[in-house]
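Reviewing the structure listed below.
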Amino acid sequence: MACIEAHGVRKTFGTTVALDGVDLSVEEGHILGLIGPNGAGKTTALNAILGLIPYQGQLRVVGRDPWNERDQLMRDVCFIADVAVLPRWIRVSQVLEYVAGVHPRFDRSKAESFLRKTTIKHNTKVRELSKGMVTQLHLALVMAIDAKLLVLDEPTLGLDILYRKQFYDSLLNDYFDRSRTILVTTHQVEEVQHVLTDLVFIDRGRIVLGCSMEEFESRYAEVTVRPEHLAAARALKPIYESQLMGRSILLFDRVDRQQLVPLGDVRTPSIADVFVAVIGNQAGQAEGAAE
Amino acid sequence: MNSQSNAMPESALKSQAIAPAVISSTRPLYWALRRELWENRFVYIAPLAVGAVFLIGYLISLAHLPAQMRRLLNADPEQYREAILTPYNIAAAFMMGTYILVTLFYCAEALHSERRDRSILFWKSLPVSDLITVLAKATIPFIVLPLLTFAITLVLQFIVLLLSSAVLLASGLSVASLWTRLPVVEMSLLMLYHIVTAHALWPAPIYCWLMLVSGWARRAAFLWAALPLVAIAGVEKIAFHTQYFATLVGYRLIGGSAPMGYAPTDIFPTDPMTHIMPGNFLGSPSLWIGLAIAAAFLAAAVRLRRYQGPI
């Protein structure tokens, strides 16, 4: 059974179209990165998946209708929306008690053992914790919940690099197993690249690219082209071209690597490079269409 | 402490094997209520503080208690009763005033603060329905505060009784007449009855209206709750030269409370609501209309919370 199954999901706010017919299928055991520019509809998509907003179209999350069954859905789904959502007045001990009280799948001892590895004290209030510690606390709560789907919306926003690295390490080592699914949105694309199993680019409410990371790696190639081969390389129709210290870097989509190797150094591009190429081209096309 | 090292996939498998603890439907309600009391500590601190202030005032008044009682020895029984009941009535009046204030303040914040501090996203990430959350919040004005007000008032009145007896004994006066003429049990029962009827059930539509607006307003919930009332009353006054609406709202809010009465049957107001006759109170259509309106406001608040996110 797919963990998330969306067909033609639409959401409009007044005249603004936030989601314009999204089709998405996420299988169990995958880590999906939802990448898009500001205002692309990432958060709207997550909110629809979490049952926080109504929408048009069909959407099933772990077999449930999120909008009408939010409270039951939350037994199987966890989310960290961004670091600021834990109530500032609550004490660490209170939040542990509360989650243990209301969540049937919460293992308090697991949360406590995770907290013991941090400097967070039980008696502290959330407002007294640093931003990084609040995220650690939230992560400790979420990791102790035996959920099927974990949704992360910019989970590491505003954290320093140590906390960010620790966050994803904990997630991969202590939490993720093949029966769980993680959906993450972030602008810090480079940090999640090695974490993801699947990738979706979203722009202006539409999914513009959806593939597994394996597919991504075989499909896209970035070549630092030697000047003498530039014309030959351009003939292969790169999807993007950029200049770096006098060298031309060309990005190819679905071009046989055997053809590329003679032209220069071939690498797998970063998600960020492909993102700029794909979203940038989309923007260019849209402008062209508007003219 | 080997749990640290085994926070690994195998322990995840183990915990999956254990059937998830079954959570009954009342447990989320209980925890949602605990949350309200953690978040809004003023709900119990304010009444306790007012009670303490009352006691300080009463301690000062004890200085002239013996002289007053000597004067009253020759007064007629009615006057005597009035005089000895006064501190008990003041205690009750203080506590009920606090109840109304705390309730109005709480209800105007009830569904607002979680949106303001964005924590609504956290609360909604847990398996607690909007219905349970709103019901837990409604428990504060309708169950927690009435019981707390009753309990604190009872304790205050008991302390007043003990202190006055001690002072009278110490100054060589008899406490027999004090104890025999004080209708302790009737007084307490009447007080509980009065709190529940006049201050919880009767003004219910006002409390629930405030809660509803607190879930809707982006800021200044109290203002948005009050403005329509003022507007309706104003239009009515200008258009029809009447003030039924204003009277209705005012009557709802303070439960038609008359100023403190002096005879025992009068300690708690009896006016058109006929407090002393539960049959009349429970049989009055306006009570049930009010409760129906209150329920409708609460239902709307539940529905509204479903759509609301952080502001």
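Protein sequences appear in the order of chains A and B.
Just so we're aligned, residue 1273 is where the first sequence starts under our numbering, counting upward by one.
Just so we're aligned, residue 5 is where the second sequence starts under our numbering, counting upward by one.
Where is the CB? At the ideal position from N, CA and C, for every residue including glycine.
Between VAL148 (chain B) and chain A, the shortest Cβ-Cβ separation is not below 8 Å. Three or more beta-carbon pairs separated by less than 8 Å link the stretch 102-119 of chain B to the stretch 140-151 of chain B, which places the two stretches in contact.
By the rule that beta-carbons nearer than 8 Å mark a contact, GLY313 (chain B) touches chain A. Within the stretch 117-137 of chain B, the residues whose Cβ lies closer than 7 Å to some Cβ of chain A are ASP121, ARG122, SER123, LEU125, PHE126, LYS128, SER129, LEU130, PRO131, VAL132 and SER133, listed in chain order. Counted as a single uninterrupted DSSP element, the stretch harbouring PHE1285 (chain A) is not any alpha helix (DSSP H) but the beta strand (DSSP E) occupying residues 1274-1285.
If you keep only unbroken alpha helix (DSSP H) runs of at least 4 residues inside the stretch 167-215 of chain B, you get 180-185 and 188-198.
Within the DSSP secondary-structure output, VAL1298 (chain A) pairs in a beta bridge with A:ILE1276.
The C-beta distance from VAL306 (chain B) to VAL138 (chain B) rounds to 5 Å, short enough to fall under 8 Å. Around the Cβ of HIS68 (chain B), a 10 Å sphere holds fewer than 16 other Cβ atoms; the residue is exposed. Taking a cut-off of 8 Å on C-beta distances, the stretch 57-68 of chain B touches the stretch 153-172 of chain B, as three or more cross pairs fall below it. LEU186 (chain B) places its beta carbon 8 Å or farther from that of LEU172 (chain B). Taking 8 Å as the threshold, the shortest C-beta distance from ARG31 (chain B) to chain A falls below it. Residues of the stretch 1356-1377 of chain A with a Cβ closer than 7 Å to any Cβ of chain B, in chain order: ALA1356, VAL1357, LEU1358, PRO1359, ARG1360, TRP1361, ILE1362, GLN1366, TYR1370, VAL1371, GLY1373, VAL1374, HIS1375, PRO1376 and ARG1377. Taking each of B:ALA299, B:ALA237 and B:PRO32 in turn and checking the Cα distance to LEU205 (chain B), the smallest one comes out for B:ALA299. Counting only residues of its own chain and dropping the five nearest sequence neighbours on each side, ARG256 (chain B) has a CB closer than 8 Å to the CB of TRP206, PRO207, PRO209, ILE210 and GLY294. Per DSSP, PHE1351 (chain A) is one residue of the beta strand (DSSP E) stretching across 1349-1352. Shown here is that no member of the stretch 1527-1552 of chain A has a Cβ falling below 7 Å from a Cβ of chain B. The CB of ARG1347 (chain A) comes closer than 7 Å to the CB of PRO131 in chain B, given here in chain order.
Boundaries of the beta strand (DSSP E) around THR1457 (chain A): 1453-1457. Shown here, ASP134 (chain B) sits in a helix according to DSSP, grouped into three states. The C-alpha of TRP127 (chain B) is placed about 60 Å away from the C-alpha of LEU76 (chain B). DSSP places VAL1461 (chain A) outside any beta strand (DSSP E); the residue lies instead in the alpha helix (DSSP H), whose first and last residues are 1461-1464.
PHE1351 (chain A) reaches chain B at SER129, counting residues in chain order whose Cβ is nearer than 7 Å. Excluding five sequence positions before and after ALA50 (chain B), the CB atoms of its chain that fall closer than 8 Å to its own CB belong to THR102, LEU105 and VAL106, given in chain order. For the set A:ARG1363, A:LEU1532 and A:LYS1389, the Cα lying nearest the Cα of ASN1395 (chain A) is the one of A:ARG1363. In chain order, TYR1370 make up the part of chain A whose C-beta sits under 7 Å from the C-beta of ARG39 (chain B). Considering only A:ILE1454, A:LYS1403 and A:TYR1440, the residue with the shortest C-alpha distance to LEU1431 (chain A) is A:LYS1403. For HIS1279 (chain A), the number of other beta carbons within 10 angstroms of its own is below 16, and it is reported as exposed.
Non-local beta-carbon contacts of GLY1482 (chain A) in its own chain, meaning distances under 8 Å to residues more than five positions away in sequence, involve LEU1296, ASP1470, LEU1471, VAL1472 and PHE1473 in chain order. Residues of chain A whose Cβ lies closer than 7 Å to the Cβ of TRP42 (chain B) are, in chain order, ILE1362 and GLN1366. If you look at ASP1441 (chain A), you'll find it in the alpha helix (DSSP H) that goes 1433-1442. If the five residues before and after VAL200 (chain B) are omitted, its C-beta is found closer than 8 Å to the C-beta atoms of PRO150, all from its own chain and listed in chain order.
Using a Cβ-Cβ distance cut-off of 8 Å, the stretch 1542-1553 of chain A and the stretch 1507-1527 of chain A are in contact, since at least three pairs of beta carbons, one from each stretch, lie closer than that value.
When DSSP assignments are scanned along the stretch 25-108 of chain B, no uninterrupted stretch of beta strand (DSSP E) that is 3 or more residues long falls wholly within it.
With respect to the 8 Å criterion, PRO314 (chain B) and ARG119 (chain B) are classified as neighbours on the basis of their beta carbons.
Contact with chain A is found for TRP35 (chain B), since one of that chain's Cβ atoms lies less than 8 Å from the residue's Cβ.
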